[in-house]
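J.: Heads up, the sequence shown is in the numbering used here, so the first residue is 186 and it goes up one at a time.
The structure that follows is given in the form of structure tokens.
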Amino acid sequence: LGVSSGASTGAVVVVVLGVGGGAVSLSAGAFVGALLSFALVLLLSHTLGGSTDRVVLSGVAAMQLFSALTSFVVMTSADAEQTRGVLFWLLGSLSGVGWSDVALCSAVLAVCLVVCLAHARTLDAFAFGQDAAAALGVNVARTRIVLLCTTALLTAALVSAAGAIGFVGLVLPHAARALTGSGHRRLLPVTALAGAVFLVWVDTLARTVLDPQEVPVGVVTALIGVPAFILVLYRTRSTS
């Protein structure tokens with residue numbers, strides 16, 4: 186929904202402009218960027234009708250806008266070494282992650298996971314569509330805002346630490362669903378664990394495949410994730 190692009194823009198602005206330093210400043214900048222992207226998606230989707238398709242299209246528009254803003258901010262940097270480092274980070278990298286990042290991301294993950302698990306039954310209802318969820322007594326508007334804000338917070342923390350790493354959140358939930366079923370009370374923690382294990386494996390591959398050079402993690406996840414996502418779409422189409 187463009188949240189990761191907004192988070193990347195916020196973090197890049199903090200780095201390039203030298204506003205503060207450390208994991209907290211990066212996370213704060215990323216969170217502000219994620220919230221701005223989230224607000225833009227809500228505004229566009231509400232203006233266009235508020236359906237799920239409109240939300241997705243609004244997210245695509247927000248992603249393109251914030252990607253362009255990120256490129257502009259990076260290109261205005263007068264420090265060539267800083268520009269190179271930011272571009273590498275934008276492709277996703279765990280090489281600069283320290284224990285302070287781990288502590289911050291772990292704390293944010295714990296809070297967000299608790300919020301999501303508290304809404305597990307609500308998410309199960311959404312599997313049948315927002316109209317069905319509303320008929321079952323779910324406050325669709327409130328739930329959507331709470332969960333999207335939670336997603337924005339978690340995305341901001343992770344992007345500030347490792348950059349924008351694509352396809353992990355797009356493919357891994359489908360793999361986890363094959364193990365746990367569609368119930369979100371089990372699906373959410375299993376997906377989080379599977380994503381962590383997968384990312385450690387990918388990071389190891391990225392560090393060794395072209396040793397001594399390191400391949401950005403986001404490049405490896407894209408090479409693995411695109412074929413996997415196409416396979417998921419094909420199986421979904423065959424099932425339907």
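Using N, Cα and C, we set each Cβ at its ideal position, and we do this for glycine too.
Would you say residue 357 reaches chain B, if we count a Cβ-Cβ gap shorter than 8 angstroms as a contact?
T.: The chain labelled as chain B is not found in the depicted structure, where only one protein chain is given.
J.: Using C-beta distances below 8 angstroms, list every residue in its chain close to residue 298, excluding the 5 sequence neighbours before and after it, in chain order.
T.: 373, 374 and 377
J.: Among the residues of its own chain, which have a CB less than 6 angstroms from the CB of residue 247, if the five just before and after it don't count?
T.: 187, 222, 225 and 226
J.: Below 8 angstroms between beta carbons: does that hold for residue 406 and residue 219?
T.: no
J.: Let me make sure I understand the geometry here. Which of 335, 337 and 307 has the alpha-carbon closest to that of residue 325?
T.: 307
J.: Kindly indicate which residue of 285, 338 and 276 has the alpha-carbon position closest to the one of residue 428.
T.: Residue 428 is absent from the model: the chain starts at 186 and stops at 425.
J.: My guess is that residue 135 and residue 305 are in contact by the Cβ rule of under 8 angstroms, so how many angstroms apart are they, rounded?
T.: Nothing about residue 135 can be reported from this structure: the residues present for the chain run from 186 to 425 only.
J.: Who are the near neighbours of residue 199 in its chain, counting only those whose CB is closer than 6 angstroms to its CB and skipping five residues on each side?
T.: 210, 211 and 214
J.: My guess is that residue 243 and residue 229 are in contact by the Cβ rule of under 8 angstroms, so how many angstroms apart are they, rounded?
T.: Sure, about 4 angstroms apart at Cβ, within 8 angstroms.
J.: Using the beta-carbon count (16 or more within 10 Å), is residue 286 buried or exposed?
T.: buried
J.: So, with DSSP's three-state summary, where would you put residue 217?
T.: helix
J.: Indicate the three-state DSSP secondary structure (helix, strand or coil) for residue 143 in the structure shown.
T.: There is simply no residue 143 to check, as the chain begins at 186 and stops at 425 in what is shown.
J.: Going by alpha carbons, who is nearest to residue 193 out of 311, 269, 362 and 342?
T.: Distance check between residue 193 and each of 311, 269, 362 and 342 places 342 closest, using alpha-carbon atoms only.
J.: How far does the alpha helix (DSSP H) with residue 365 in it reach, from first residue to last?
T.: Its alpha helix (DSSP H) spans residues 353-365.
J.: Once DSSP output is grouped into helix, strand and coil, what is the label at residue 311?
T.: helix
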